Amino acid sequence: MAVTRPERLDFLALRFIARAERGFALANPYSDLHGGFGLMLHAHLRPIYEDLFGEQQGSSEVRGHVLRPADGMLQPVRAGERFAFELILVGPMVRHAAACAEALAMLGRNGVTPARHRYTLEQIDRIAPTGATTLWSPDTGWCIAALAPVAAEELLQVRTQKAEGALLDFVGPVRIKSGNDLLEHCPPPRVLIERLLARAQLLAKQQDGAPLIDGDSKRELLAQAETLSIPRNSLAWETIERVAARDRRRMDLGGLSGVVVLDGPLGELEGWLRLGEWLHIGNKTSFGLGQYRFSTLPQPPR
455 MAVTRPERLD
465 FLALRFIARA
475 ERGFALANPY
485 SDLHGGFGLM
495 LHAHLRPIYE
505 DLFGEQQGSS
515 EVRGHVLRPA
525 DGMLQPVRAG
535 ERFAFELILV
545 GPMVRHAAAC
555 AEALAMLGRN
565 GVTPARHRYT
575 LEQIDRIAPT
585 GATTLWSPDT
595 GWCIAALAPV
605 AAEELLQVRT
615 QKAEGALLDF
625 VGPVRIKSGN
635 DLLEHCPPPR
645 VLIERLLARA
655 QLLAKQQDGA
665 PLIDGDSKRE
675 LLAQAETLSI
685 PRNSLAWETI
695 ERVAARDRRR
705 MDLGGLSGVV
715 VLDGPLGELE
725 GWLRLGEWLH
735 IGNKTSFGLG
745 QYRFSTLPQP
755 PR
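For the sequence shown, counting from 1, position 82 maps to 536 in our numbering; every step adds exactly one.
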């Protein structure tokens, strides 16, 4: 039986609700938003920038933040229209929540991309598996009590009775490697779980100096993953090009999007898959890639 150590990994998820000053359509909402966020931190909050983007976190898989476009931002936004994006801070990065919120407010005043697409923040919510709570609004100010993070253990303990499968809806492109190769087809269940565990373990080490689970427990979870099958998936490659905010270099940021159906008893894997909704999976997660929505299935469709 794999046993996790309680409260070794925390996360805080914030939803920013904004209103566009004028209409815009971002060429790449993932990199445009993330790049602008980095520029604001670099220019005005350099110590926070170094903590989130610094050399000590040379791989995007171990960066303790995820900034992802949400409601309305993946499509063209009209003048005066509301849209949303979400910031997830993990482990020691949770302490930078207020500074990150200020950077994203500054980005709205400065404008996203060189075209200066400006917005005004109207509300910040704390989002969690149990629901959403207003954290800030112009009328109420800050609710500091709502800044409490979520412990990973809360999700890892979840078990749904008679869950004989799951549906993973990858709403954002996911980039998963097998060896050194970027997969352009649906990865097997073991690879999915292996990448999810690896990310959670690295993030836990950053927070507490130790992984969430030991080697034996990890092997048990991977063995359980091998009992699952994928009877159906609709993953297809989505091409996205990133233009670096600082030097305008172009690079590939594409990945697989679509639905994956897992068939078989989930057991303890359910909690890990629920945690993955918040941590994301694969490469370039700090840009918001690797996001999926999880739901259990009593009997997976064939």
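From the three backbone atoms N, C-alpha and C, an ideal C-beta is built for every residue, glycine too.
Remember, it's a predicted structure, so these values are computed and weren't measured experimentally.
Asked, Found
"Please list the terminal residues of the continuous alpha helix (DSSP H) segment that includes Ala-559.", "551-564"
"For Ala-582, which residues from the same chain have a beta carbon less than 8 Å from its beta carbon, with the 5 sequence-adjacent residues on both sides left out?", "Ala-467, Val-604"
"Compute the beta-carbon to beta-carbon distance between Leu-630 and Leu-637, rounded to the nearest angstrom, for a pair I have assumed lies under 8 Å.", "Looking at the sequence itself, residue 630 is Ile, so the reference to Leu does not match. Their Cβ separation, rounded to whole angstroms, is 5 Å, which keeps Ile-630 and Leu-637 in contact under 8 Å."
"Suppose you measure from the CA of Gly-512 to the CA of Trp-732; what does that come to, to the nearest Å?", "Note that Gly-512 scores 43 on pLDDT, short of 50, meaning its location in the model is unreliable; the coordinates nonetheless yield the value given after this. The alpha-carbon atoms of Gly-512 and Trp-732 are separated by roughly 21 Å."
"Following the continuous beta strand (DSSP E) through Glu-692, name the residue where it begins and the one where it ends.", "690-692"
"How many angstroms separate the CA atom of Arg-611 from the CA atom of Leu-463?", "Here the sequence assigns Gln to residue 611, which means Arg is not the residue at that position. Rounded to whole angstroms, Gln-611 to Leu-463 spans 14 Å at the Cα level."
"Where do the ends of the beta strand (DSSP E) carrying Ala-538 lie?", "536-544"
"Is it buried or exposed, Met-705, if we count other Cβ atoms within 10 angstroms and call 16 or more buried?", "exposed"
"Enumerate, from N- to C-terminal direction, the unbroken beta strand (DSSP E) stretches of 3 or more residues contained entirely within the segment 576-645.", "585-591, 619-628"
"Based on the DSSP output, what are the partners of Asp-464 in its beta bridges?", "Ala-605"
"Expressed to the nearest angstrom, what Euclidean distance is found between the alpha-carbon atoms of Leu-541 and Gly-508?", "18 Å"
"Considering only C-alpha positions, which residue in the set Gly-534, Ala-599, Pro-483, Leu-651 is nearest to Ser-671?", "Leu-651"
"Can the beta-carbon of Arg-522 be found closer than 9 Å to that of Phe-539?", "yes"
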